[in-house]
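Q:
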Amino acid sequence: MLHDVSFTIRPGDFSVLLGLNGAGKTTLFALITRLYHSRSGRICVYGNDVERAPLAALARLGVVFQQSTLDLDLTVAENMAYHASLHGLSRATAKPRIEAELARVGLADRRDDRVRALSGGQRRRVELARALVHEPALLLLDEPTVGLDIESRRFMLDHVHHLCATRRIGVLWATHLIDEAEGDTQIIVLHQGKILADGARDQLVAQSGAADLKAAFDRLTRKAAA
Amino acid sequence: MTGARVAQYLNCLNGVIRREAQRWLHQRGRFISALVRPLLWLVVFAAGFHFVLGVSIVPPYRTYIPYEVYIAPGLAGMIQLFNGMQSSLSMVYDREMGSMRTLMVSPFPRWFLLSSKLLAGVAVSVVQVYIFFAIAWFWQITPPAWGYVLVLPALILSGLMLGALGLVLSSFIRQLENFAGVMNFVIFPMFFLSSALYPLWRMQQADTKLYWLSEANPFTHAVELIRFALYERFNATSALVVCAYLAAFMALAIIGYDPGRGLMARKGGE
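Listed in order, the protein sequences are those of chains F and H. Going from the first sequence to my numbering is simple: count from 1 and add 35. Going from the second sequence to my numbering is simple: count from 1 and add 6.
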């Protein structure tokens, strides 16, 4: 259940949706991606309401779900081509984009391997590359580093930060890991279906009077519980 | 709708069909069993029953026919029935594995995505049926040459109807474990309570209740549509019945996959 959840992500923003397990992050993602309807309220992607104009809204949205959604029996390239066609791209348009995105995540040489043969970290990278094939303006990632080793985690974070900086993609990165909210980020704290704070990282820490983000997060959630 | 928009829709449809074909080819076991199953019935079962069951002259046949010839269209229907259920099984699997989300997050309208999925399954099943007919030709199943052409629309229609039934089932089944039940309670009754293995007049002699159940069975009409088309005849009643069931199943499937109702809502917050 979500209450009064309202926030805005601007182009090029790296926004971290911070919340413990069960805070409502996955539910929020399901609503944004139209997996189920919200009973009230509105969600817009670049001004397009996801329920009234789902075509325009979803076309500008790239998503990496918490659970892997790759087809294990198909090759990396086949998985990506399938995704591209689901966004209406022709094979001729999709092919160079698939090559380029795979090269960016360092998996160009694995394009013809079955996904089953890839490691967990590589699969995540394929999912990230896939979510970018239709050139979305907003990228959603739901706990994208769960189960990854330190190196793969680092890669995902750096690559997505890089996307924000160079391609002006707006990013919503949901996580329960506070250390992923590093550097110049916007923080949205979600707790028990409510937003407790929304703002730049440093400003948020300063406002709460805590020493660091971890302490600030603890204070906020404890105050909400009291 | 503009030309560019239409092209996008076609790209999407093309991609969904391509993926279905790739999955079919990659999964060797499924590929082989789909071919072996009907052949086993044709070669072994029909041989055993060859002298037990005499088939009198029933339309569309004009002469006495061997039992193998009688059951061939039924086995074509069986391929499509299994295929329809198998593609719905893969939908349940996709949902459990999360890959259904890839489909659902596509910006195209849901009715179009489901229809594409359905058409993709039909395309695969039609190819399988033709491979079966090609092999069956060596077992003296030799319908007229035009029959092979005329049977195509019949196969598409029956494939759509059985695939839509699979979609309905997949939207209401929560987990893979429940699928064995579907096999027992859907595939077998549909197959045996139909005209696939014996003409329905035989059923009528044995038990009128079972006869009426078989008459109402959509699979009976799918088989008869295929049988008549293969022998260059058109069975209007069966065509109408199949169309009616198709419309009903499709409507139910769209309700089942509606985000506000059906599966997504009942599944809850994950």
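Using N, Cα and C, we set each Cβ at its ideal position, and we do this for glycine too. A quick note: this is a predicted structure, and the numbers were derived from the prediction, not measured.
With distances taken Cα to Cα, identify the nearest neighbour of F/L53 among F/E186, F/V99, F/D214, F/P46.
A: Stepping through the first sequence from its first residue, residue 53 of chain F is reached at position 18. Considering only alpha carbons, the answer is F/D214.
Q: Closest Cβ-Cβ distance between H/M97 and chain F: below 9 Å?
A: Reading the second sequence from its first residue, position 91 is the one you call residue 97 of chain H. H/M97 does not count as touching chain F.
Q: Give the range of the beta strand (DSSP E) segment to which F/Q221 is assigned.
A: The residue you call residue 221 of chain F lines up with position 186 of the first sequence. Its beta strand (DSSP E) spans residues 221-226.
Q: Quick check on H/F178 - is its C-beta less than 9 Å from some C-beta in chain F?
A: Counting from one through the second sequence, the residue named residue 178 of chain H turns up at place 172. No, its Cβ sits nowhere closer than 9 Å to a Cβ of chain F.
Q: Helix, strand or coil for H/F240, going by three-state DSSP, please let me know.
A: Walking along the second sequence from the start, residue 240 of chain H turns up at place 234. It is coil, neither helix nor strand.
Q: In three-state terms, what does DSSP make of F/F49?
A: Taking the first sequence and counting its residues from 1, the one referred to as residue 49 of chain F is at position 14. F/F49 falls in the strand class under three-state DSSP.
Q: Kindly indicate which three-state DSSP category H/T148 falls into: helix, strand or coil?
A: Translated into positions along the second sequence, residue 148 of chain H becomes position 142. Looking at H/T148 - three-state DSSP - the assignment turns out to be coil, as it is neither helix nor strand.
Q: Roughly how many angstroms separate the alpha carbons of H/K273 and H/A212, rounded to a whole number?
A: Start at 1 with the first residue of the second sequence, and residue 273 of chain H comes out as number 267. Start at 1 with the first residue of the second sequence, and residue 212 of chain H comes out as number 206. Residue confidence for H/K273 is low, a pLDDT of 46 falling below 50, so the modelled location carries little weight and cannot support an answer.
Q: Just the C-alpha distance for F/T104 and F/T43, rounded to the nearest angstrom, thanks.
A: Reading the first sequence from its first residue, position 69 is the one you call residue 104 of chain F. Reading the first sequence from its first residue, position 8 is the one you call residue 43 of chain F. Going by the C-alpha atoms only, they are around 27 Å apart.
Q: For H/D100 and H/H56, what's the separation of their Cα atoms in angstroms?
A: Indexing the second sequence from 1 puts residue 100 of chain H at position 94. Indexing the second sequence from 1 puts residue 56 of chain H at position 50. Distance between the alpha carbons of H/D100 and H/H56: 42 Å.
Q: For the segment 25-57 of chain H, enumerate the residues whose C-beta is nearer than 8 Å to any C-beta of chain F, in chain order.
A: Flagged, chain order: R25, Q28, R29, H32, Q33.
Q: Using a Cβ-Cβ cut-off of 9 Å, state whether H/A257 counts as contacting chain F.
A: Counting from one through the second sequence, the residue named residue 257 of chain H turns up at place 251. Answer no: the Cβ-Cβ gap between H/A257 and chain F never drops below 9 Å.
Q: Give me the chain F residues within the contact set of H/G21, using Cβ-Cβ distance strictly less than 8 Å, ordered along the chain.
A: Within the second sequence, residue 21 of chain H is the residue found at index 15, counting from 1. By Cβ distance, chain F contributes A116, Y117, A119, S120, L121.
Q: In chain order, what residues of the same chain lie with their CB nearer than 7 Å to the CB of F/A166, ignoring the 5 residues before and after it?
A: Working through the first sequence from its first residue, we reach residue 166 of chain F at position 131. Result list for F/A166: G97, V98, V99, L174, in chain order.
Q: Under a three-way DSSP split, which group does F/I78 fall into?
A: Residue 78 of chain F sits at position 43 when you count from the first residue of the first sequence. F/I78: coil per DSSP, three-state reduction.
Q: Name the two residues that bound the continuous alpha helix (DSSP H) containing F/V98.
A: Position 63 of the first sequence, counted from the start, is the residue given in the question as residue 98 of chain F. F/V98 -> not in any alpha helix (DSSP H); beta strand (DSSP E) instead, spanning 96-99.
Q: Does the beta carbon of H/P115 sit closer than 9 Å to a beta carbon anywhere in chain F?
A: For this step, residue 115 of chain H is matched to residue 109 along the second sequence. Closer than 9 Å: yes.
Q: How would you list, in chain order, the residues of chain F whose beta-carbon sits under 8 Å from the beta-carbon of H/S112?
A: Along the second sequence, one-based indexing puts residue 112 of chain H at 106. L93, L121, H122, listed in chain order.
Q: Any heavy atom of the ligand GTP within a distance shorter than 8 Å of the CB on F/L63?
A: Annotation note on the ligand GTP: not contained in the displayed structure, which lists no ligands.
Q: Less than 8 Å between C-beta atoms, sequence neighbours within five positions excluded: which residues of the same chain meet that for H/P150?
A: Residue 150 of chain H sits at position 144 when you count from the first residue of the second sequence. Contacts found: Y237, E238.
Q: Closest Cβ-Cβ distance between H/Q14 and chain F: below 9 Å?
A: The count along the second sequence starts at 1 and reaches residue 14 of chain H at position 8. So yes, H/Q14 belongs to the interface.
Q: For H/V248, collect the residues of the same chain with a Cβ closer than 8 Å to its Cβ; drop the 5 residues on either side in sequence, then sort them by chain order.
A: Taking the second sequence and counting its residues from 1, one reaches residue 248 of chain H at position 242. These residues qualify, in order along the chain: L163, S164, M167, P224, H227, A228, L231.
Q: The beta strand (DSSP E) spanning F/P121 covers which residue range?
A: As a working mapping, residue 121 of chain F is identified with position 86 in the first sequence. Residue 121 of chain F is actually Leu in this sequence, not Pro. Per DSSP, F/L121 belongs to no beta strand (DSSP E); it is in the alpha helix (DSSP H), 111-121.
Q: Can you list, in chain order, the residues of its chain whose CB lies under 6 Å from that of F/T220, leaving out five sequence neighbours each side?
A: As a working note, residue 220 of chain F is residue 185 in the first sequence. Around F/T220: F49, V51, R236.
Q: Would a check of beta-carbon distances place F/L96 closer than 9 Å to chain H?
A: On the first sequence, position 61 is the one that residue 96 of chain F refers to. Yes, contact with chain H.
Q: Would you identify the three-state DSSP class for F/R149, choosing helix, strand or coil?
A: Residue mapping note: residue 149 of chain F aligns to position 114 of the first sequence, counting from 1. Three-state DSSP puts F/R149 in a strand.
Q: Starting from H/I23, follow the alpha helix (DSSP H) in both directions and report where the run begins and ends.
A: As a working mapping, residue 23 of chain H is identified with position 17 in the second sequence. Looking at the DSSP string, the run of the alpha helix (DSSP H) that includes H/I23 is 9-32.
Q: If we cut at 9 Å on Cβ distances, does H/E106 have a partner in chain F?
A: Here the question's residue 106 of chain H lines up with position 100 in the second sequence. The question names Glu, but residue 106 of chain H is Met in the sequence shown. Yes, H/M106 lies at the interface with chain F (some Cβ there is under 9 Å from its Cβ).
Q: Which chain H residues sit within Cβ distance under 7 Å of F/P89?
A: As a first step, residue 89 of chain F is located in the first sequence; it is residue number 54 there, counting from the start. Under the 7 Å cutoff, chain H gives P113.
Q: Please identify, using Cβ separations under 8 Å, the residues of the segment 124-142 of chain F that lie next to chain H, in order along the chain.
A: Those would be L124, S125, R126, in chain order.
Q: Tell me the start and end of each unbroken beta strand (DSSP E) in the segment 179-237 of chain H that is at least 3 residues and wholly inside, in chain order.
A: If we require 3 residues or more, the segment 179-237 of chain H turns out to have no beta strand (DSSP E) run fully inside it.
Q: Which residues bound the alpha helix (DSSP H) around F/V240?
A: In the first sequence, residue 240 of chain F corresponds to position 205, counting from 1. Residues 236-243.
Q: Let me check understanding here. Comparing Cα to Cα, which of H/F197, H/P195, H/S220 lies closest to H/L206?
A: As a first step, residue 206 of chain H must be located in the second sequence, where it is residue number 200. H/L206 has its Cα closest to that of H/S220, out of H/F197, H/P195, H/S220.
Q: Take F/L176 and list the residues in its own chain whose beta-carbon comes closer than 6 Å to its own, dropping the five residues that flank it on each side.
A: If you number the first sequence from 1, residue 176 of chain F lands on position 141. Excluding sequence neighbours, F/L176 sits near V99, W208.
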